[in-house]
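Enquirer: First to last, the sequence lines map onto chains A and B. Just so we're on the same page, this note's numbering is the position in the first sequence counted from 1, plus 352. Just so we're on the same page, this note's numbering is the position in the second sequence counted from 1, plus 6.
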Amino acid sequence: MCEIREEDRIITPGPAGFLPLSAAQLGVTLCDPGQGIYYGHHIDEEKVMEEAATRMLTEKNATIFPGPMILWRWNQHAIEKAHAVLEMAAQIPNVRIIPMPDYRPKYPKIDPEEAINPNHPNLTILHNKIEACIFVGVHCHYANLTLKMIRSGTNCCTIALCAQQGHEDAMLSVRDCDLASLQKMTAVIKRVREKMGIELPASGEAVQFTPTQSSVNAGKSHVDPLATQPQPVAAGV
Amino acid sequence: MSEGLEAEVKTNPQGDPITSVATPPPAAEKIDPHGESKKQQVVTPHHMFFEAERKREFITGSEAAKEAVRRSNVDFSVAYPITPQSETMQLIGVLYGEGYVKDYYRGEEEYGVMSAMAGASRAGVRCFTATAGPGTIRGLEPIVSWAGHRLPAVAMFTCRVVNAPLAIQPDNVEIAYLLNSGMIVFHAENQDDLFNFLMKAFVISEHNDVTLPVGVCCDGFFVTHARGYVHTTPREFKLPPRIAHDGAVPVLDAENPPARLSRDAPVQTYNIHAVWQQEVWAAVERSRKYIHRYMGGLIQTENEDREILFIASGSAAAQSREAVRLCAEEGIETGLVKIASLRPFPTAELRKICEHTKLIIVPEFNYVGWLAKDIAAAITGYSNAKVVAGPHVYGGMSMPVEMILDQVVKALKDKTTVVVPRAMKDEEPVDPAAVGHFMQNI
Numbered sequence: 353m354c355e356i357r358e359e360d361r362i363i364t365p366g367p368a369g370f371l372p373l374s375a376a377q378l379g380v381t382l383c384d385p386g387q388g389i390y391y392g393h394h395i396d397e398e399k400v401m402e403e404a405a406t407r408m409l410t411e412k413n414a415t416i417f418p419g420p421m422i423l424w425r426w427n428q429h430a431i432e433k434a435h436a437v438l439e440m441a442a443q444i445p446n447v448r449i450i451p452m453p454d455y456r457p458k459y460p461k462i463d464p465e466e467a468i469n470p471n472h473p474n475l476t477i478l479h480n481k482i483e484a485c486i487f488v489g490v491h492c493h494y495a496n497l498t499l500k501m502i503r504s505g506t507n508c509c510t511i512a513l514c515a516q517q518g519h520e521d522a523m524l525s526v527r528d529c530d531l532a533s534l535q536k537m538t539a540v541i542k543r544v545r546e547k548m549g550i551e552l553p554a555s556g557e558a559v560q561f562t563p564t565q566s567s568v569n570a571g572k573s574h575v576d577p578l579a580t581q582p583q584p585v586a587a588g589v
Numbered sequence: 007m008s009e010g011l012e013a014e015v016k017t018n019p020q021g022d023p024i025t026s027v028a029t030p031p032p033a034a035e036k037i038d039p040h041g042e043s044k045k046q047q048v049v050t051p052h053h054m055f056f057e058a059e060r061k062r063e064f065i066t067g068s069e070a071a072k073e074a075v076r077r078s079n080v081d082f083s084v085a086y087p088i089t090p091q092s093e094t095m096q097l098i099g100v101l102y103g104e105g106y107v108k109d110y111y112r113g114e115e116e117y118g119v120m121s122a123m124a125g126a127s128r129a130g131v132r133c134f135t136a137t138a139g140p141g142t143i144r145g146l147e148p149i150v151s152w153a154g155h156r157l158p159a160v161a162m163f164t165c166r167v168v169n170a171p172l173a174i175q176p177d178n179v180e181i182a183y184l185l186n187s188g189m190i191v192f193h194a195e196n197q198d199d200l201f202n203f204l205m206k207a208f209v210i211s212e213h214n215d216v217t218l219p220v221g222v223c224c225d226g227f228f229v230t231h232a233r234g235y236v237h238t239t240p241r242e243f244k245l246p247p248r249i250a251h252d253g254a255v256p257v258l259d260a261e262n263p264p265a266r267l268s269r270d271a272p273v274q275t276y277n278i279h280a281v282w283q284q285e286v287w288a289a290v291e292r293s294r295k296y297i298h299r300y301m302g303g304l305i306q307t308e309n310e311d312r313e314i315l316f317i318a319s320g321s322a323a324a325q326s327r328e329a330v331r332l333c334a335e336e337g338i339e340t341g342l343v344k345i346a347s348l349r350p351f352p353t354a355e356l357r358k359i360c361e362h363t364k365l366i367i368v369p370e371f372n373y374v375g376w377l378a379k380d381i382a383a384a385i386t387g388y389s390n391a392k393v394v395a396g397p398h399v400y401g402g403m404s405m406p407v408e409m410i411l412d413q414v415v416k417a418l419k420d421k422t423t424v425v426v427p428r429a430m431k432d433e434e435p436v437d438p439a440a441v442g443h444f445m446q447n448i
């Protein structure tokens, strides 16, 4: 898939150690438009997307972590992106969606089946045994904190779909991720999935609930992500 | 009681009562104090910095700062007239009167000023302040929190000594306190640098992957009070406004939920504080590409292939420039590396330039030699050059160029100069005695 050899990868799933050097300290830089970051190296964006798709389709307990910029109904653009993320989820069988609604530390303790938080993201990753994840709609500073901590203490492969310049500390990072890029990512996942012969559930219920989510959804185990559409912004909002 | 009072009669200068009311000037003749600022046109940073016509003006550093702020679309500025100050913040007040700065007031003191800067930047507006010496130190606690909170803002530090006994002279020891704050730190050599660095600082600080404050330092008096040639851009142009929602952190909006999106202290784990610091310094690293884009690099050089180099920043760079000429008259060939960006530090650039350098002279306007230490640390293992920390002047003394020449001559004779030990090569272990000598004398 890519000319970067496995042994040349710089930023890889951890645990990288008690307090590993950041990607920037290891010399990893952000890439130019049209490129993505592939385990610390700059390569063509589409190849990064293909690797991300493969990881999300094959690793255990793949999870999408939507952040505040698409969880909250700020404006029409946020709604469109939220819908695009649901469409993406619909292409990944048994994917989970665990939100990062804000950046506050959670007291007295977080429910890792309900939310993820940049102050202790490793708890959510470890509790749910997540080995591949996508962050989307998270402000860059908090995404960077989260990615560093996950790499430090877990074996999760992190994927950042960033509307800005991307993230060095993610194993795979796509920059300038606007609505069209999200839709392109969905198309790549669909293509890779079909190539791998992975079927979608006939019911469309691709998203798997965490136990906490299931408990507030009448004990259901799965849901069709496209069954619940984001509502448009009300007049005057 | 009122009967005892006579009605006020308006008179002309000759004492004659005025019986007619002067006709007010037509409304059309009223001068709008904000009129000129309202006509400013937003241009791209690229146009402002590289394409716009330049006009040569002979102005003070404070006036250069004023002209930079005039063109920088600044929303908010807060001042405290601490002693010593420059007239910079007074001139920013003039800009407020003219409508170029949207809000401006006098803070209670420097702690309050720097805290107000933090609040305004969090709220999403473009901020500017200037301070000096004791003001810098008094405001240091809020200042060092700016980077951690990812607050883009520009502060101008017109260095004016912080040591006791109180003095108001130029001495840039205060930069030593800023270098490890997580800010980006520039050091202007002259009035022209100040004009350009300030405008570019706003643009660099607000890039999403940077989102950090920038401290633009200069040496007080030499730059702020003295006049120099500044190549200004048209005052009809201004930079684009800050787009706060493109920043790396959410804008603090107390009126719209979720209001508490971001700003709670990360008290639950030590790890979050550790990676937070990594992230601040990663952001400093990311600023390099923008410093290259807008400032042409972190350093400027003249004859950098010479075996003897002056490496300096600020006014010491100006004096070193003259020392290059004086040395040439004495038959000594030297070159100059001027460091414009102290944070991020031009480590890779210095390692490359100094690979074959034999002698490095680092003149500084402070006692502690913060720049010489940074240079020595940067090139260790990459250069065999002898690094001479000095000459130093401090407490506001000027630095005669002859003093720099003397240092070169002494260093060539290897006599009484304060020397940073030769950088370590595999076959040349560090000499502990030399290190001790350096640390005691720098």
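Each residue gets a CB set at the ideal place from its N, CA and C atoms; glycine is no exception. Predicted model, so just to flag it, every value in this text is computed and none were measured.
#1: Give the secondary structure of Phe371 (chain B) by DSSP, where H, G and I count as helix, E and B as strand, and everything else as coil.
#2: Select from the segment 370-390 of chain B all residues with a C-beta closer than 7 Å to any C-beta belonging to chain A, and list them in chain order.
#3: Closest to Glu212 (chain B) by C-alpha separation, out of B:Tyr296, B:Glu116, B:Asp198 and B:Tyr183, would be which residue?
#4: Based on the DSSP output, what are the partners of Gly318 (chain B) in its beta bridges?
#5: In the DSSP output, what is Met162 (chain B) paired with across the bridge?
#6: For Ser453 (chain A) and Ser374 (chain A), I'd like the C-alpha separation in whole angstroms.
#7: Where does the unbroken alpha helix (DSSP H) through Gly505 (chain A) begin, and where does it stop?
#8: When you compare only the Cα positions, how much space is there between Met409 (chain B) and Gly341 (chain B)?
#9: What is the C-beta distance between Thr510 (chain A) and Ala436 (chain A), in whole angstroms, given that I count them as a contact (C-beta under 8 Å)?
#10: Would you kindly report the start and end of the unbroken beta strand (DSSP E) that includes Ala395 (chain B)?
#11: Would you say Cys383 (chain A) lies against chain B (beta-carbon separation less than 8 Å)?
#12: Since I believe Asn413 (chain A) is in contact with Ile363 (chain A) (beta carbons under 8 Å), could you give me their beta-carbon distance rounded to a whole number of angstroms?
#13: Can you say whether Ala334 (chain B) is buried or exposed, counting buried as having 16 or more other CB atoms within 10 angstroms of its CB?
#14: May I have the straight-line CA-CA distance separating Leu418 (chain B) from Ser319 (chain B), to the nearest angstrom?
#15: Between the segment 488-495 of chain A and the segment 416-423 of chain A, are three or more C-beta pairs nearer than 8 Å?
#16: Could you tell me whether the Cβ of Ala129 (chain B) comes closer than 8 Å to any Cβ of chain A?
#17: Let me see if you follow: with CB-CB separation under 8 Å, is Ala376 (chain A) close to chain B or not?
#18: Show which residues of chain A have a CB atom less than 7 Å away from the CB atom of Glu291 (chain B).
#19: Check whether the Cβ atoms of Ala136 (chain B) and Ala71 (chain B) lie closer than 8 Å to each other.
#20: Please give the ranges of any alpha helix (DSSP H) in the segment 404-429 of chain A, keeping only runs that are unbroken, at least 4 residues long and fully inside the region.
#21: Return the chain-ordered list of same chain residues with a C-beta closer than 7 Å to the C-beta of Gln581 (chain A), the five sequence neighbours on each side being excluded.
#22: Report yes or no: is there a C-beta of chain B within less than 8 Å of the C-beta of Gln581 (chain A)?
#23: Looking only at its chain, what residues have a beta carbon closer than 7 Å to the beta carbon of Asp530 (chain A), apart from the 5 residues adjacent to it on each side?
#24: Compare the C-alpha of Asn474 (chain A) against each of A:Arg357, A:Asn507, A:Ile449 and A:Tyr459 and name the closest.
#25: When the Cα atoms are used, what is the spatial distance from Ile174 (chain B) to Ala85 (chain B)?
#26: If we define contact as Cβ-Cβ less than 8 Å, is Gln47 (chain B) a contact residue for chain A?
#27: With three or more beta-carbon pairs closer than 8 Å as the criterion, would you say the segment 179-196 of chain B touches the segment 45-52 of chain B?
#28: Starting from the N-terminal side, write out each stretch of the alpha helix (DSSP H) that is 4 residues or longer and does not extend beyond the segment 103-137 of chain B.
#29: State the DSSP-derived secondary structure class of His231 (chain B), mapped to helix, strand or coil.
#30: By DSSP's criteria, Lys61 (chain B) is part of a beta bridge. Which residues make up the other side?
#31: Leaving aside the five residues before and after Glu432 (chain A) along the sequence, list all residues of the same chain whose C-beta is less than 6 Å from its C-beta, in chain order.
#32: Any beta-carbon of chain A closer than 8 Å to the one on Asp81 (chain B)?
#33: Hey, could you find the ends of the alpha helix (DSSP H) Val150 (chain B) is sitting in?
#34: If I'm right that Val131 (chain B) touches Arg312 (chain B) with Cβ under 8 Å, what's the distance once you round it to whole angstroms?
#35: Just confirm the distance between the C-beta atoms of His193 (chain B) and Arg60 (chain B), as a whole number of angstroms; I'd bet it's less than 8 Å.
#36: Report the start-end ranges of each beta strand (DSSP E) in the segment 428-454 of chain A that is 3 residues or longer and not cut off at the edges.
Expert: To lay it out plainly:
#1: For Phe371 (chain B), the secondary structure class from DSSP, reduced to helix, strand or coil, is coil.
#2: Along the segment 370-390 of chain B, there is no position whose C-beta sits under 7 Å from a C-beta of chain A.
#3: Nearest Cα to Glu212 (chain B) within the set B:Tyr296, B:Glu116, B:Asp198 and B:Tyr183: B:Tyr296.
#4: For the sequence presented, residue 318 (chain B) should be read as Ala rather than Gly. DSSP lists B:Lys344 as partners of Ala318 (chain B).
#5: Met162 (chain B) is bridged to B:Ala136 and B:Val222.
#6: Per the sequence shown, residue 453 (chain A) should be read as Pro rather than Ser. If you draw a straight line from the Cα of Pro453 (chain A) to the Cα of Ser374 (chain A), it comes to about 25 Å.
#7: Looking at the DSSP string, the run of the alpha helix (DSSP H) that includes Gly505 (chain A) is Cys492 to Gly505.
#8: Taking the straight line joining both Cα atoms gives about 17 Å.
#9: Between Thr510 (chain A) and Ala436 (chain A) a beta carbon distance of about 20 Å is seen, past the 8 Å cut, so the two are scored as non-contacting.
#10: Start and end: Lys392 to His398.
#11: Not closer than 8 Å to any Cβ of chain B, the Cβ of Cys383 (chain A) fails to qualify, so no.
#12: Taking C-beta atoms under 8 Å as the contact rule, Ile363 (chain A) and Asn413 (chain A) fail to qualify, at a distance of about 21 Å.
#13: Under this definition Ala334 (chain B) is an exposed residue.
#14: When rounded, the distance between both Cα atoms is 22 Å.
#15: In short, these stretches touch, since the Cβ pair count reaches three.
#16: Not one chain A Cβ lies under 8 Å of Ala129 (chain B).
#17: It does; some Cβ of chain B falls within 8 Å.
#18: Chain-ordered, the chain A residues with CB closer than 7 Å to the CB of Glu291 (chain B) read Ala376.
#19: Yes, they are a contact pair.
#20: Counting only unbroken stretches of 4 or more residues, the alpha helix (DSSP H) elements lying wholly within the segment 404-429 of chain A are 420-423, in sequence order.
#21: Hits under 7 Å: His435.
#22: Output row for Gln581 (chain A): interface = no.
#23: Residues Ala515 of the same chain have their beta carbon placed closer than 7 Å to that of Asp530 (chain A), with the five preceding and five following residues left out of the count.
#24: Distances from the alpha-carbon of Asn474 (chain A) to those of A:Arg357, A:Asn507, A:Ile449 and A:Tyr459 put A:Asn507 closest.
#25: A direct Cα-Cα distance of roughly 18 Å separates Ile174 (chain B) from Ala85 (chain B).
#26: For Gln47 (chain B), no CB of chain A lies under 8 Å from its own CB, so it is not counted at the interface with that chain.
#27: The segment 179-196 of chain B vs the segment 45-52 of chain B: no contact.
#28: Qualifying alpha helix (DSSP H) stretches, in chain order: 116-128.
#29: Looking at His231 (chain B) - three-state DSSP - the assignment turns out to be coil, as it is neither helix nor strand.
#30: By DSSP's assignment, Lys61 (chain B) forms a beta bridge with B:Thr238.
#31: A distance below 6 Å between beta-carbons, with the five flanking residues on each side excluded, links Glu432 (chain A) to the following residues of its chain, in chain order: Leu531.
#32: No, Asp81 (chain B) lies away from the interface with chain A (no Cβ there is under 8 Å from its Cβ).
#33: Where Val150 (chain B) is concerned, the enclosing alpha helix (DSSP H) stretches over Leu146 to Gly154.
#34: No, Val131 (chain B) and Arg312 (chain B) are not in contact; Cβ-Cβ is about 47 Å, not under 8 Å.
#35: Not quite, the Cβ-Cβ distance comes to about 22 Å (not below 8 Å), so this is no contact.
#36: Counting only unbroken stretches of 3 or more residues, no beta strand (DSSP E) element lies wholly within the segment 428-454 of chain A.
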